[in-house]
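Be aware that the sequence shown starts at 4, since it is given in the working numbering, and climbs by one per residue.
Glycine included, every Cβ here is placed at the ideal spot set by N, Cα and C.
All values derive from a computational prediction rather than experimental measurement.
What follows is a set of notes on a single structure, which appears directly below.
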Amino acid sequence: MPDFSPQLLLPILQHYPNVRRYWVAFSGGVDSSVLLHAMAQLAPELQSSQLNAIYIDHGLQAESQQWSDHCLSVCEKLGINIISLSAEVRLEQGDSLEEKARESRYLLLADFIDEGDALLTAQHKDDQAETFLLQALRGAGPKGLASMPMAKSFSKGLHLRPLLGFSKQNLISYAKDNNLTWVEDPSNAQMRFQRNYLRQKVFPVVRKTWPSMSDALSRSAEHCAANIGLLNQLADIDMEAVTNTDNTLSRVALNSLLPDRRANLLRYWLSEKNLRVPDQVRLEQIIHQLETSAADKSPMVSWSGAEVRCYRDKVYAMPPLVPVDNKRVFKWQPSEKLEFDGGILSARQVKGAGLRIPEESEIEVRFRQGGERCQPAGQAQSRELKTLFQEWAVPHWLRDRIPLIYVNGKLVAIADFTVCQPYIVSGAGMGWQFDWQSDCRSGWQWSSKR
């Protein structure tokens, strides 16, 4: 087991030469104190990159202000800029305090990570071993057992864990040798937290027989990470075969895959969409619904943070849809963006195309009530929106969320789908073209070729 020194971090950092700013997540504990001190020692060799620290107060401990003061003092001595933030941890019944605190922390950190930035956190080899065992006890697959990667994309930049190759004892020895001071979080002694129970009750007993336990479990995590790489390559191959041009999946093509490949592809697809991957029970529900539901049905499976829906042959994934009031009416000036629960509606002027809006007109954005009619651009007759939406293969959950543009009380355009024929600008006049951005579209785009 190597002794820790700042120079051992250089190969990791130099692997990412485009990093312009480092943000060290600094809690004041021994692990992050060692990481911050080591980065400060490396500053002369990282002259092209700025070093910063972030302290996050979760408001869960009475000593948090003292810890904040300590972190400010340490950074002042090291000449490092530090930002102190407060995180709000909201708990609902059944929530894990550990998990919710972690989620709130990373949401805040994500706001600071821009292009060319790297977030550095101080997880070490023993943390990796704990993560591996916790995932195993939860019945995780290869992705969960791969535990924490050394590097991954985060927000607009990177998230690096440069201490994963070192043990807790390595870091404590370095801290003592360099006369570092740190704070102790009393919650680390509370047995109600799973990690603390493993750390204080389980690992000491196991280490008596397997002293290299952390090394062994970390290697197992690396093997699982390698396997995930192979599974992702397989998913890439399958994605080519089953993905539509709008990034939805073909239900028929998906069902033609063997069950294990189908599950692997769904996990990969959801991850690529930055959606929470469901547990095994929900995943099996998705597969079962897609296999057994009739072609004219629209099955839906939801879980925390995401849902999968199907319409005709297309499979969609999206954040959970929130209820909307389709009776609301917005006054609107097309020169300004309109933000509402269903997304963002914007417009731009173009020559010889788009919607003609006479001066002094009253412009409103409404939503489908039933019975509305429109004569789509280039067509001879008006038809009910219900018929048009069916013809355009608009998923049923989208129909009442689509913004309808009214001028002086008349329906003149359907979002960015079409302008009603009587209201299209003529000749070389200036008209308005619309753009509607919304999570609920989930890749669905209107096409005149439908």
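If you ignore the 5 residues before and after methionine 153, its C-beta comes within less than 6 Å of the C-beta of Arg164 and Leu167, all in its own chain and listed in chain order. Residue Lys128 holds the alpha-carbon nearest to the alpha-carbon of arginine 202 among Lys128, Asn267 and Thr184. Residue pairing from DSSP places phenylalanine 437 in a beta bridge opposite Ala350. Taking the CA atoms as reference points, asparagine 55 sits about 25 Å from glutamine 131. Between the segment 316 to 330 and the segment 394 to 414, the count of C-beta pairs closer than 8 Å reaches three or more; the two stretches touch. The DSSP-derived three-state label of glutamate 118 is coil. The segment 201 to 221 makes no contact with the segment 70 to 88, as fewer than three CB pairs between them are under 8 Å. Per the C-alpha coordinates, the member of Ala238, Leu414, Arg386 and Pro425 positioned closest to tyrosine 271 is Ala238. With fewer than 16 other beta carbons inside 10 angstroms of its own, proline 20 counts as exposed. In the DSSP assignment, methionine 321 falls within the beta strand (DSSP E) that extends over 317 to 321. Membership of glutamine 197 in the alpha helix (DSSP H) is indicated by the continuous run 197 to 200. Assignment of alanine 178 by DSSP, reduced to helix, strand and coil, places it in the helix class. Judged by DSSP secondary structure, glutamine 288 falls within the alpha helix (DSSP H) whose first and last residues are 283 to 295. Rounded to whole angstroms, the separation of the alpha carbons of alanine 28 and glycine 119 is 17 Å. Proximity to serine 223 across Leu252, Leu233 and Leu148 peaks at Leu148, based on C-alpha coordinates. Two segments are said to touch when three or more pairs of C-beta atoms, one from each, lie closer than 8 Å; by this definition the segment 333 to 348 does not touch the segment 271 to 285.
Beta-bridge annotation (DSSP): alanine 309 is paired with Trp306. DSSP places serine 217 in the uninterrupted alpha helix (DSSP H) bounded by 216 to 245. Taking glutamate 375 as the centre and dropping the five residues before and after it, the same chain places the C-beta of Leu388 and Leu414 closer than 6 Å to its C-beta, in chain order. In the structure shown, leucine 260 adopts coil according to DSSP, grouped into three states. The beta-carbon separation of leucine 234 and asparagine 258, rounded to 20 Å, does not stay under the 8 Å limit for a contact.
Secondary structure of alanine 416 (DSSP, three-state): strand. Between the C-alpha atoms of valine 353 and isoleucine 116 there is a straight-line separation of about 36 Å. Judged by DSSP secondary structure, alanine 41 falls outside any beta strand (DSSP E) and instead within the alpha helix (DSSP H) spanning 33 to 45. When beta bridges are read from the DSSP output, isoleucine 83 appears opposite no residue. Assignment of beta-bridge partners to valine 27 by DSSP yields Ala56 and Leu123. Where lysine 155 is concerned, the enclosing beta strand (DSSP E) starts and stops at 154 to 157.
Remark: C-beta atoms of isoleucine 59 and alanine 90 approach each other more closely than 7 Å. Judged by DSSP in its simplified three-state form, glutamate 342 adopts strand.
Around the beta carbon of threonine 134, 16 or more other beta carbons lie within 10 angstroms, which makes this residue buried. Listed as beta-bridge partners of proline 379 by DSSP are Cys423. The alpha-carbon of asparagine 411 is positioned some 39 Å away from that of alanine 309.
Along the length of the segment 380 to 414, whole alpha helix (DSSP H) runs at least 4 residues long occupy 388 to 394 and 399 to 402, reported in chain order.
By a beta-carbon distance limit of 8 Å, valine 37 does not contact alanine 143. Their separation comes to about 29 Å. In this chain, the beta strand (DSSP E) harbouring valine 368 covers 366 to 369. In this structure proline 9 is in contact with leucine 45, their Cβ atoms being roughly 5 Å apart against a cut-off of 8 Å.
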